[in-house]
Every structure is written in structure tokens, then in C-alpha cells.
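For the record, in the sequence shown the residue sitting at position 185 is 185 according to this note's numbering, with numbers rising by one throughout.
The structure appears right after this line, and notes come after that.
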Amino acid sequence: MRRPVIAGNWKMYKTRAETLAFFRDFLPLVESSRHCDIVVAPPFTAIGAAAEAARGTKIAIAGQDLYWQTEGAFTGEVSGKMLAESGCAYVIVGHSERRQYFGETDESVQRKTKAALEAKLTPIVCVGELLAEREGNQTEAVLKRQFDGALTALTPAEFSRILIAYEPVWAIGTGRTATPEIAAEAHRFIRGLAAAQFTHEQGSALRILYGGSVKPDNIKGLMAQAEIDGALVGGASLDAKSFAEIVNY
Ligand code: 13P
Numbered sequence: 001m002r003r004p005v006i007a008g009n010w011k012m013y014k015t016r017a018e019t020l021a022f023f024r025d026f027l028p029l030v031e032s033s034r035h036c037d038i039v040v041a042p043p044f045t046a047i048g049a050a051a052e053a054a055r056g057t058k059i060a061i062a063g064q065d066l067y068w069q070t071e072g073a074f075t076g077e078v079s080g081k082m083l084a085e086s087g088c089a090y091v092i093v094g095h096s097e098r099r100q101y102f103g104e105t106d107e108s109v110q111r112k113t114k115a116a117l118e119a120k121l122t123p124i125v126c127v128g129e130l131l132a133e134r135e136g137n138q139t140e141a142v143l144k145r146q147f148d149g150a151l152t153a154l155t156p157a158e159f160s161r162i163l164i165a166y167e168p169v170w171a172i173g174t175g176r177t178a179t180p181e182i183a184a185e186a187h188r189f190i191r192g193l194a195a196a197q198f199t200h201e202q203g204s205a206l207r208i209l210y211g212g213s214v215k216p217d218n219i220k221g222l223m224a225q226a227e228i229d230g231a232l233v234g235g236a237s238l239d240a241k242s243f244a245e246i247v248n249y
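Pasting the structure below:
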């Protein structure tokens with residue numbers, strides 16, 4: 001049985017003060033939620049405040065990115081060790097916005113995934129196709145390229161520690177969610193890649209989250225799919241009440 005994970009990716013939203021206000025409202029709403037792991041990924045500057053607010057609760061904090069070196073002359077970058085020290089247990093790697101706007105490649109995703117594991121963080125590795133790729137019947141080829149490029153270099157022990165988020169780019173921030181069936185089909189394909197690369201058991205144990213316009217009113221349908229092990233939520237994770245409704249699907 002794979003334990004569900006509901007993760008919020010705040011992107012470049014919320015100051016420290018807004019983060020504290022969020023947790024004040026959010027904590028009581030999820031106090032008795034025991035059916036899933038809950039993760040919040042604030043921007044770097046609010047990680048400390050979030051970690052402090054979540055201390056003693058079951059909510060885990062994530063970074064939204066990291067650099068693969070542990071330290072050095074890399075202006076503007078943050079290492080896995082720094083995230084872990086700041087209170088992160090997870091880190092998002094290879095988000096499509098990083099691929100689209102900041103030059104992230106399959107190779108850098110691989111390096112960052114390895115670095116996250118070395119820092120004892122759980123990487124949430126993002127994959128997903130563009131609209132033109134889906135319309136050109138390239139979805140599986142793109143997912144395979146992203147999976148191979150980033151993940152085949154991992155050892156089986158390393159692979160057992162990662163999560164994958166399937167986020168079709170055409171569904172991110174567009175209000176256009178993949179149907180539960182479309183998402184499940186992609187998840188099944190990714191799980192098959194994992195089983196072929198590693199073992200059948202590793203494929204079965206892999207937790208795959210869906211991301212892209214997840215809202216309180218569509219989470220139930222998504223989670224009803226056996227293939228969907230959780231959600232990576234953008235916009236709807238910014239509001240304590242709507243994120244709590246998603247957590248408590
Ligand atoms: P939205 O939920 O705002 O579509 O964002 C999804 C996402 O990119 C999460 O990482």
C-alpha cells in the first residue's frame with residue numbers, strides 16, 4: 001500500500017509573515033488528518049519560518065530547488081545541506097518552470113536528485129510534457145527521456161527514496177486539469193519505466209504525485225485512481241482552507 005502525499009508548491013509567493021499566518025490557519029484544519037503525508041514548499045526566504053511553525057506537527061517542509069554542489073562560489077544558489085539544516089525534509093527537483101525559465105535540463109535534474117539524496121532529503125522529481133508534445137503524440141517519448149535522463153543513474157537503493165511528480169505543463173496554472181484517466185495513464189507509463197529499469201517491486205512501491213490545477217473540487221476524482229498516489233498543488237495550496245480541503249479529500 002502506497003501512502004498518499006499531498007504537497008503544496010508555493011512557487012514565488014508568501015513572505016515570512018504570510019507564511020506564519022498560513023500555518024496559524026492551516027494547522028488546526030489538518031490536525032486530525034492521518035491518512036497522508038503533508039508537505040509544504042515555501043520560497044527559500046520563508047523556509048525557516050515555515051519549519052518553525054510546523055515544528056512538532058506532521059507537516060514536512062520542502063525546498064523548491066537546490067544546487068548540486070555542497071558549497072562554493074555559486075552566487076545565488078543553495079545546497080541540499082543548507083536546506084536540510086533549515087528544516088527541509090524534501091526538495092522539488094526539475095519543476096517545469098525551472099526547465100522552462102531557468103535552463104534546467106535532464107542532466108541537471110539528475111545531478112540535483114543525487115545531491116538531494118546525499119543531503120538526506122527526499123527529492124520530488126518532476127516530469128511532464130508540453131501541450132504541443134501531447135498533441136504530437138510525444139507524451140510517452142518525453143516522459144521516457146526525462147525519466148532516463150534524470151533517474152537511470154540512480155542505484156536501486158537511491159531510487160527507492162525518491163518521489164515523482166507527473167505535471168503535464170499544459171495543466172499547470174491553466175485551470176485545465178488532466179482528467180483522472182489521462183493522469184492515471186501517464187502514471188502507469190512512468191511506473192512501467194521504473195519497473196523496467198529497476199524491479200517490479202520498486203515500480204510498485206514508487207509514489208507518483210499528479211500536479212496541474214489540482215483544486216478542492218477535483219482532488220477526490222484524482223485520488224480515486226489507484227495509480228495516483230498524491231498531488232503537487234500550486235495555486236490552491238496558497239490558501240489554508242483550500243489546501244486543507246485538498247489534504248482532507
Ligand atoms: P497549479 O496547481 O497552480 O496548476 O500548479 C501546479 C504546479 O506546478 C505544482 O508544482
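In this text, a Cβ means the ideal position worked out from N, Cα and C, and glycines have one as well.
Nothing here was measured: the structure is a model prediction, and the numbers come from that model.
A distance of 8 Å or more separates the beta carbons of proline 123 and valine 78. With a threshold of 7 Å, the Cβ atom of histidine 95 counts as near ligand 1, since some heavy atom of the ligand is closer than that. Excluding the 5 residues flanking it on each side, arginine 191 has same chain C-beta neighbours closer than 8 Å at Gly203, Ser204, Leu206, Ile208 and Glu227, in chain order. Comparing C-alpha distances from isoleucine 61 to each of Pro216, Gly72 and Ala49 shows the shortest one belongs to Ala49. Distance from the CA of threonine 177 to the CA of alanine 21, rounded to the nearest whole angstrom, comes to 29 Å.
The alpha helix (DSSP H) runs lying completely inside the segment 93-178 and spanning 4 residues or more are 96-101, 106-118, 131-135, 139-151 and 156-159, given in chain order. Around the CB of glutamine 146, 16 or more other CB atoms lie within 10 Å, so the residue is classed as buried. Residues Gly8, Phe26, Val233, Ala236 and Ser237 of the same chain have their beta carbon placed closer than 7 Å to that of phenylalanine 243, with the five preceding and five following residues left out of the count. The DSSP-derived three-state label of alanine 89 is strand. Within the DSSP bridge table, the entry for valine 5 names Asp37 and Gly230 as partners. When the alpha-carbon of glycine 80 is set against those of Lys58, Ala115 and Gly103, the nearest one is in Ala115. For leucine 209, the enclosing beta strand (DSSP E) begins and ends at 207-211. For a cut-off of 8 Å, the C-beta gap from threonine 152 to glutamine 197 is around 6 Å, short enough to register as a contact. For the pair valine 214 and cysteine 36, the CB atoms are not nearer than the 8 Å cut-off. Residue side-chain check: valine 247 keeps its Cβ at 7 Å or more from all non-hydrogen atoms of ligand 1. Listed in chain order, the non-local C-beta contacts of tyrosine 210 below 6 Å within the same chain comprise Tyr166, Ala183, Leu222, Ile228 and Ala231, local neighbours out to five positions each way being set aside. In this structure, asparagine 9 has its CB closer than 7 Å to one or more heavy atoms of ligand 1. When beta bridges are read from the DSSP output, isoleucine 61 appears opposite Val40 and Cys88.
At least one heavy atom of ligand 1 sits closer than 7 Å to the Cβ of valine 233.
DSSP links tyrosine 67 through a beta bridge to Ser79. If you draw a straight line from the Cα of valine 5 to the Cα of isoleucine 59, it is about 11 Å long. With respect to the 8 Å criterion, valine 125 and alanine 150 are classified as neighbours on the basis of their beta carbons. For lysine 241, the closest of Lys14, Met12, Phe23 and Arg2 by C-alpha to C-alpha distance is Phe23.
When only Cα atoms are considered, phenylalanine 189 and cysteine 88 end up about 30 Å apart.
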